[in-house]
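In this text, residue positions in the sequence shown follow the numbering used here: the first is 85, and each later residue adds one.
Cβ coordinates follow ideal geometry from the N, Cα and C atoms, glycine included.
Contents: one structure, followed by commentary.
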Amino acid sequence: MPWTKEEDEKLELLFCEGKSMGELINLFGRNRGAIVARIKKLELKEKYEH
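Here you go:
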């Protein structure tokens, strides 16, 4: 199932807030691999990790 723009925005916000992988899995109903891949595609680690 493709990610929507809204899901991308929500993922970015939650990632920025420091939500755990377990929380993200539960919130999005997607597996760890899908979330990790999306975080990488959106370059969230580069944007938010200090």
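- Residue environment for residue 116: exposed (fewer than 16 other C-beta atoms within 10 angstroms of its C-beta).
- By the neighbour-count criterion, in which a residue is buried when 16 or more other Cβ atoms sit within 10 angstroms of its Cβ, residue 108 is buried.
- When 101, 110, 99 and 125 are compared, the shortest CA-CA separation from residue 86 is found for 125.
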